[in-house]
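These notes are about the structure you will find just below.
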Amino acid sequence: MSTDFLEQHARQLQREAQQTAERSAATPDDFWLNAAADNQRQAAREALRALELEYARESGELLDMRFSGPRANGSISLDAFLKIAEPLNKAWKAAAFRLRHGVVEGRIGQGIGATLNLKLAGIAQGSTHILLTGNGSEDLSGESLFRETLTQTFRLLSSNNDDFYDAVDAMGGRAAHYVGEALKAIDAAGLAAQFTWQNRGALNCWNGSTDEVLRIRALLAGVSDSKTYEETISGSVAGIFDNGRLDIRTEVGKVRIRFPLDMIPVVQRFQIAAHADIRVQTTRFSDPISRRDVVTYQMLPTEK
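Per our numbering, the very first residue in the sequence shown carries number -17; after that it's consecutive.
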C-alpha cells in the first residue's frame, strides 16, 4: 500500500477514535461505548505503526526477514531466533566498522551500534516474519552506513564463486565469520530464510534455501585459511571510484585498493596519473575451487 493511502487511513481512524473518545468521556457508564473507544484507539495506533513501517521501507530503513521450514509453522523457538539474531547483529556492527574505519582491530565501540540504530520493528503474521529497522540517514559525505552495510550483506549472501572473496573483503573477515555463525544457526534450526530490503527503489532479495545456506557456509569455511600482512603499493593513480575503490597502476599491472569512508578526504587529494605510495593490508585467500590465490587490498590510515 502507498504512503498516501496509509496516511489518509491513519488520519481517518484517528478522527473517528477522537470522536468516540469524546462521546465515551461524556457517558462514562456506557460500557459498550467505552469498549468501542478502546478498540478505535488501538486501530488508530496500528494504522500509524503501519504508516511508520512503510516510511521506513521506502527510505531503505526496513529489513524484512522470513523463516520457513518443518519446524517453523508460524512460530520459531526463542533459542533458535537468538542464535540467528545475535551473530547477525555482530556481523552488521563489524561490517559497518570496517566500511567506515577500515581494518577492524580489537573491540568495536558502542558508537557504531548507535549509528546503525538497529531495532526490532515488528513481528508480522507469526514469529517467523520479523521486521528490523535501522538509521538510514546520510553523513556529511552523503553516505548512509546502515544502507551500505546492508548492501554489502546482500552482496555477500548473493555472491558466486567469482566475486565471493571481494564481497568478504568488503565486509571484513570478522563480519563474514559472524554471517557464517548465523547461517549455521539457521541450518541447525532446520530453517530456510528469505531476506528482503528495498533501497532507492530497487528490491534486494536473498532466498536462503537449505542448499543456498550450505553453499555460502562452504565458501565461508575457506576464509579462515587466509593470510594477512601489510605492505606498500607504489604506482600511478589510474582511477578513483565512488564505491570506495582506488586503482593504482604498478610495474606488474593494475591493483585495486579498497578504502574506508573515513579516508575519502585523503583519497580526494590524489590526482589521476600522479605517483602514490599507499600502505595497505593485503589479504591472500586460497580458493579451493579454482585452486588459485585471490588477493585483496585494504587501504590503511596514513598515520600507520
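Virtual Cβ for every residue (Gly too), placed ideally from N, Cα, C. Small disclaimer: the values here were computed from a predicted structure and weren't measured.
E43 burial status per 10 Å Cβ neighbour count (16 or more: buried): buried
Taking buried to mean at least 16 other C-beta atoms within 10 Å of its own C-beta, is K101 buried or exposed? exposed
Count the other CB atoms within 10 Å of the CB of W179; is the residue buried (16 or more) or exposed (fewer)? buried
Anyone know if the C-beta pair for A255 and S216 falls short of 7 Å? Between A255 and S216, the gap from beta carbon to beta carbon reaches 7 Å or more.
Under the rule that 16 or more other beta-carbon atoms within 10 Å means buried, what is S191, buried or exposed? exposed
Collapsed DSSP secondary structure at Q250 in the structure displayed: coil
Nearest by alpha-carbon distance to A76: which of L15, G154, F13 and E120 is it? Looking at the Cα atoms, G154 is the closest of the given residues.
For Q280, count neighbouring Cβ atoms within 10 angstroms of its own Cβ and tell me buried if that reaches 16, exposed if not. Q280 should be labelled buried.
What is the DSSP secondary structure of A171, reduced to helix, strand or coil? Coil.
CB of A(-1) within 7 Å of CB of A26, strictly: yes
Within 10 Å of its beta-carbon, does A96 have 16 or more other beta-carbons around it, so buried, or fewer, so exposed? exposed
The beta strand (DSSP E) with L102 in it runs from where to where? K101 to I105
First through last residue of the alpha helix (DSSP H) which encompasses R80: L60 to H83
Thinking C-alpha only, which one of A174, V234 and E163 is nearest L70? Comparing C-alpha distances from L70 to each of A174, V234 and E163 shows the shortest one belongs to E163.
First and last residue of the alpha helix (DSSP H) that includes S206? Here S206 belongs to no alpha helix (DSSP H), and DSSP marks it neither H nor E.
Under the DSSP definition of a beta bridge, which residues are partnered with Y147? According to DSSP, Y147 bridges with nothing at all.
I need the boundaries of the beta strand (DSSP E) containing G190, first residue and last residue. Under the DSSP assignment, G190 falls in the beta strand (DSSP E) whose first and last residues are A184 to G190.
If we count the other Cβ atoms within 10 Å of its Cβ and call it buried at 16 or more, is V248 buried or exposed? The residue in question, V248, is exposed, as its Cβ has fewer than 16 Cβ neighbours within 10 Å.
CA-to-CA distance, D275 to L35, given in whole angstroms: 44 Å
Supposed close pair D263, V85 - CB separation, criterion 8 Å: In the sequence under discussion, the amino acid at residue 263 is Gln, which differs from the Asp named in the question. Their Cβ separation, rounded to whole angstroms, is 5 Å, which keeps Q263 and V85 in contact under 8 Å.
Could you compute how far the alpha carbon of F128 sits from the alpha carbon of L114? 12 Å
Rounding to the nearest angstrom, what Cα-Cα distance links L15 and S6 in this structure? 6 Å
Validate contact between the stretch 194 to 202 and the stretch 221 to 230 using beta carbons, cut 8 Å, 3 pairs: no
Between A29 and L(-5), what straight-line distance do the alpha-carbon atoms span, to the nearest angstrom? 8 Å
Do A167 and T131 have their C-beta atoms within less than 7 Å of each other? At a Cβ-Cβ threshold of 7 Å, A167 and T131 do not count as neighbours.
Starting from F49, trace the beta strand (DSSP E) in both directions and tell me its first and last residue. L44 to S50
Where does Y279 fall in DSSP's three states? strand
Would you call the CB atoms of F49 and L138 closer than 7 Å? no
I need the straight-line Cα distance from D11 to Q24, nearest angstrom please. 21 Å
Is T2 near A19, with beta carbons less than 7 Å apart? Yes; because the gap between Cβ atoms is below 7 Å, this pair is in contact.
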